[in-house]
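As structure tokens, the structure follows; a few thoughts come after it.
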Amino acid sequence: MPVRIPARRTPGDILAGLGALVVLVALVGGVPFALLTLAGPPISPELLDIDILTSNVGTSTVVAIMVLLVWLAWLQLFVCVIVEVYGGIRRVGMPARVPLSGATQALANRLVSAVLLLFTAGAVAVPIAGLSAPPARPPMTAVAHAAPVVVEEATVYKAKKVYTVQPPHGRHHESLWEIAEKCLGDGRRYPEIFRLNQYKEQPDGARLRMADLIRPGWVLDMPDDAINVHIVPAGQPREKTLEEHPGPPERASEGETRSGESGHGETGATTIERPHPAERADRADRADMADHAEKADRAEKAERAEKAERAEVERAEVERAEKAERAEAAEAAEAAEKAEEAEKAAAVKEAAERAREDEQGQEDRQAQEDARAQAAQAERQAERAEEERQAEQSPGLDLVDYLGGASLAAAGLLVALGARRRRQLWHRAFGHRLSRPRDDAALAEVALRLGADAPGARMLDTGLRLLGSALAAQNRVPPTVYAAHLSPRTLDLWIHPPSPDAPEPWEAQDGGQVWRLAAHEGRLLQEQTGGAPYPGLVSLGTDGGGRVLVDLEAAHGLINIRGPHTTAALAALAVELATNRWSDEMRVTLVGFGEELTSIAPERVRSVGSLSEVLPELEEGTAPRQEVLTGRVNGQSRRAHYLLSAVAPTQEEARRLALLARRDTAGFVVTGEVPHATWTMEITEEGRARIPELGFEVTAQLLPRRHYQALLDLFGTAERHEGEAMPEPEPLEELHPPAVEIRLLGPIEVVGPEAMEEGRMELATELLVYLATHQGGVHPVVLGGVLWPRGVQALVRDATIARVARWLGEEHLRTDEAGRLRLGPEVRTDWTLFRELVRRSHGDESARAVLLEKALGLVRGPLLAGRPRGRYAWLAADELEYDVAAAVADAAHRLCEIRLAHGEADAAVAAVRAGLLLAADDEGLWRDLLRATHATGDQVRLRAVVEGLTRRSSSHPYGGGMAPETEALIDELLPSWRIHVVRESSA
192 MPVRIPARRT PGDILAGLGA LVVLVALVGG VPFALLTLAG PPISPELLDI DILTSNVGTS
252 TVVAIMVLLV WLAWLQLFVC VIVEVYGGIR RVGMPARVPL SGATQALANR LVSAVLLLFT
312 AGAVAVPIAG LSAPPARPPM TAVAHAAPVV VEEATVYKAK KVYTVQPPHG RHHESLWEIA
372 EKCLGDGRRY PEIFRLNQYK EQPDGARLRM ADLIRPGWVL DMPDDAINVH IVPAGQPREK
432 TLEEHPGPPE RASEGETRSG ESGHGETGAT TIERPHPAER ADRADRADMA DHAEKADRAE
492 KAERAEKAER AEVERAEVER AEKAERAEAA EAAEAAEKAE EAEKAAAVKE AAERAREDEQ
552 GQEDRQAQED ARAQAAQAER QAERAEEERQ AEQSPGLDLV DYLGGASLAA AGLLVALGAR
612 RRRQLWHRAF GHRLSRPRDD AALAEVALRL GADAPGARML DTGLRLLGSA LAAQNRVPPT
672 VYAAHLSPRT LDLWIHPPSP DAPEPWEAQD GGQVWRLAAH EGRLLQEQTG GAPYPGLVSL
732 GTDGGGRVLV DLEAAHGLIN IRGPHTTAAL AALAVELATN RWSDEMRVTL VGFGEELTSI
792 APERVRSVGS LSEVLPELEE GTAPRQEVLT GRVNGQSRRA HYLLSAVAPT QEEARRLALL
852 ARRDTAGFVV TGEVPHATWT MEITEEGRAR IPELGFEVTA QLLPRRHYQA LLDLFGTAER
912 HEGEAMPEPE PLEELHPPAV EIRLLGPIEV VGPEAMEEGR MELATELLVY LATHQGGVHP
972 VVLGGVLWPR GVQALVRDAT IARVARWLGE EHLRTDEAGR LRLGPEVRTD WTLFRELVRR
1032 SHGDESARAV LLEKALGLVR GPLLAGRPRG RYAWLAADEL EYDVAAAVAD AAHRLCEIRL
1092 AHGEADAAVA AVRAGLLLAA DDEGLWRDLL RATHATGDQV RLRAVVEGLT RRSSSHPYGG
1152 GMAPETEALI DELLPSWRIH VVRESSA
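Remember, the numbering used here sits 191 above the position in the sequence shown when you count from 1.
What follows is the structure, given as structure tokens:
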């Protein structure tokens, strides 16, 4: 049994501590004494003279400045010593880092550590430079005097130290800092644990990617000198370690210190503080001598058993060999018969093939093309399966990494999704909400909302259209833009040939090679009606400063894409091309992949099986680049065409494509070996994109299969028109005013507590909104993932929750027995009150109109109006948006019908307008407004409603016009409305 031996200070430690103490006293006290005696105070009279700024500098002034610098250096050292002494004595964890004091603080750390070792073994500050472990003890031999001499070499086992992350206790969760403090003696060493375990797969399939995010049940490899850990074989899987050691290890006593001989060293049991080498050797000799007799007996018995076992094994092997020989002979005979039959069949087949070859001509070549297409399809399926396997094995690569990172594509996808949702509302039935996405589809929409850069996409669109209009006004041909860089500060276009004459507000940079639009100007531009000159700009990926785009047309030839992630890169290109807003008419042809993408943008995307299907059409419609660019900015635009092929072309197809790409203004991105390519786009295993011809290397924009499927599921949900039944709300017993009211039905407000300090209110409000709409309680870890979807430190999360609890009142924000956060009964939302009023109106016909009117009186505007950009992305995966919009529209519709039944047309109009404050896209409410306004008998008022609805539908950001039922109702109520619309549009 290994024995723990308490730490002891050696004479060398004492001498080092005394020496460090003398040096510290000399530096802290002796240096200022010497300076005051020899040089005077830090600031001499020469430095206080204001004329020093204008007069000549003399020797005395230079000396005064040097003395001041020496004083400042001493002050820096003094501050470092104070910080290190405080950190070592008080054990506060990692001492504060003194700015610009790396080497000075390291010196102070070593001196303070040596001095503190004189007084205590437990308060020593961790040195900045780690000490190397001593050499391992060589194997020893033991001799027993009572038995024949037997030399036995010590068995060496590979082992490592591990720690199992424990489940939370209430609201407390373990962190790497706490584990480092518990097992290494200092929380500052948590990066060592992080580096040992980074990206290693854990028992639940996840991987450690951020130092702040660890999960219960993870098995962490620990440094060699860790204590309070488990020691397991080095090759043991983490799952088995978790089964054997699910609980915490037995804690070491206070006097124990860590040893550096275990962990990744050569040991088979827990190793602790090393005793003196002579003591260790003497103790080992005595133990070996005492136990050797027993070992000798065991060895003799084991040898006899081994001989018997070896004889039995030899007999069994002889029997198996005989059986194997007989089986091989039978198999050889059978194989000979099969080979003879196969030769006959092959001869018959060869003769038949020769006969078919003589009869077939064109049909045979078509069959070969089909075979190539089938092979390509099989290859794509294999690649898809591999991508799915990688996605399953790499859960850290989640939807936010890809969809949220594709900021311009995310903005376009959200617009396309909004148009589908708007059409969904045309079919919504009373009492039903829109079908909402779930699982990966819901997470995909969350990622899109988090990452979408709508302002950047708008600036790219308006800036390029303004550029085209300005060049057209000057009768200039737009230059070739081969790449663009979009950052939070600028939009840069790399053009060829260089031109210093950039139209305003663009500015020429780098001798005219770059045309730049400042972001503060680009975001103030008005919407432009001119043509889109560069529709082929598409994101290649991101660098440290922003997003890099390339123009597929600028290659003037084929773009060859290659690498292990070609299909994912092609899918990302296709999605952004199909949904971008800086283009007009466009056709994207996908070869060998992306058939499902046609559902996202059917007017732009088509999918074919092979290049032979599309090449003849492309060869017929070629046009030179100068003519196309001039036409785009002069209102004579030709439909842009881009071909993305996941099928490698044959040699003849590659030749035809190369000729076509040089004659036509289009973009051709083709996989496989293409010898005629102008650009080569290489996608590496690590997800980097390189175009050597342009000198680009960026983090590639990819769309793997799982994320691609999540997008398809999301858009598929928006195509379901049947809707979902609304859930029944829980009854509310009391309607008295609450102590704290959270208002959601309009601008976000928290009524009751005093205002929180500026800069913290937005986060606190989102926290309260989430808790208020999830009344079953929310665990702090879940809440952290909602409020900080890209990750947050546990300390920051807990501090935020504690701050909100103090602000709101401990009685209003509390933690239940299961560790979940809940709001108290005196906290209520206006949405809860709205549902209760509507619920009570169902059972009280006499008071129904009054209750519905009170409910609609709570509506002040769109749901959570004024919420900050980038926050509340969790709404995409929540029921709140869908329930609120449907419930408000239904309440307004029901109250409108009641008022019309009683002949109160004006009151019916007021009810519908209250509903439209929140559910403005619900065309059922607009039809109610038309009927209610018509009932007033005021034709002028009716025409105003029709004109307002027409303008709104024509300028809606999601487009789509009006529902057919709405147009039919307007035709019935105001037959002449189309004439007025035509006059207004022509004017």
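Just so it is clear, CB atoms sit at the ideal spot from N, CA and C, and this is done for glycine as well.
Check	Outcome
Threonine 671 (DSSP reduced to helix, strand or coil)	strand
Beta strand (DSSP E) runs contained entirely in the stretch 793-842, provided each spans 3 or more residues	796-799, 831-836
Close beta carbons around leucine 1042, own chain, < 6 Å, minus the five adjacent residues each side	Leu1028, Arg1031, Ser1032
Exposure label - isoleucine 992; buried when at least 16 CB within 10 Å	buried
Coil, strand or helix - isoleucine 370 by DSSP	helix
Stretch-stretch touch, CB-based, cutoff 8 Å, three pairs: the stretch 862-871 with the stretch 743-754	yes
Secondary structure of alanine 1111, DSSP reduced to three states	coil
Threonine 964 (DSSP reduced to helix, strand or coil)	coil
Beta-bridge pairing of threonine 871 - partner residues as DSSP gives them	Asn751
For valine 668, the nearest candidate out of Val222, Gly603, Trp998, Val819 (CA to CA)	Val819
DSSP-derived helix/strand/coil call for glycine 858	strand
Expected contact under 8 Å - CB spacing of valine 353 and methionine 257 to nearest Å	The pair is not a contact, with the Cβ atoms about 55 Å apart (cut-off 8 Å).
Local Cβ density within 10 Å of lysine 431, reported as buried at 16 or more and exposed below that	exposed
Cβ-based burial, histidine 756 [other Cβ within 10 Å; buried from 16]	buried
Neighbourhood of leucine 1091 by C-beta distance below 8 Å, restricted to the same chain and skipping five residues each side	Ala1099, Arg1122, Ala1123, Ala1126
Reduced DSSP category for histidine 687 - H, G, I as helix; E, B as strand; rest coil	strand
Beta-carbon proximity of glutamine 615 to leucine 625, cut-off 8 Å	yes
Arginine 981 classed as buried or exposed, judged by whether at least 16 other C-beta atoms fall within 10 angstroms	exposed
DSSP state of proline 223 mapped onto helix, strand, coil	helix
Glutamine 704 beta carbon less than 8 Å from that of proline 689	yes
Counted within 10 angstroms of its Cβ, other Cβ atoms place isoleucine 234 as buried (16 or more) or exposed	exposed
Length of the line joining the Cα atoms of alanine 255 and leucine 215	26 Å
Length of the line joining the Cα atoms of leucine 781 and alanine 1080	41 Å
Residues bridged to leucine 682 [DSSP beta-bridge criterion]	Leu677, Leu708
Identity of the residue in Ser1146, Ala1111, Leu1165 nearest glycine 1128 by Cα	Leu1165
Coil, strand or helix - alanine 597 by DSSP	coil
Status (buried if at least 16 other CB within 10 Å, exposed otherwise) for histidine 1084	buried
Cut-off 6 Å between Cβ atoms - residues of its own chain near aspartate 482, not counting five sequence neighbours on either side	Only weak support is given to the placement of aspartate 482: the predicted model assigns it a pLDDT of 49, under 50, and the value that follows is read from those uncertain coordinates. So the list is empty, once near-sequence residues are dropped.
Cβ-Cβ distance between valine 995 and alanine 955 below 8 Å	yes
Extent of the continuous beta strand (DSSP E) run through isoleucine 234	Note, isoleucine 234: premise wrong, no beta strand (DSSP E); not H, not E.
Buried versus exposed call for tyrosine 390 [16 or more other C-beta atoms within 10 Å across all chains shown]	exposed
Environment of glutamine 393 [buried if 16+ CB atoms lie within 10 Å]	buried
Under the three-state DSSP convention, the category glycine 950 falls into	coil
Pairwise C-alpha distance: isoleucine 1089 and alanine 1038	11 Å
C-alpha gap between isoleucine 933 and threonine 1023, whole angstroms	10 Å
Element boundaries [beta strand (DSSP E), containing isoleucine 882]	879-882
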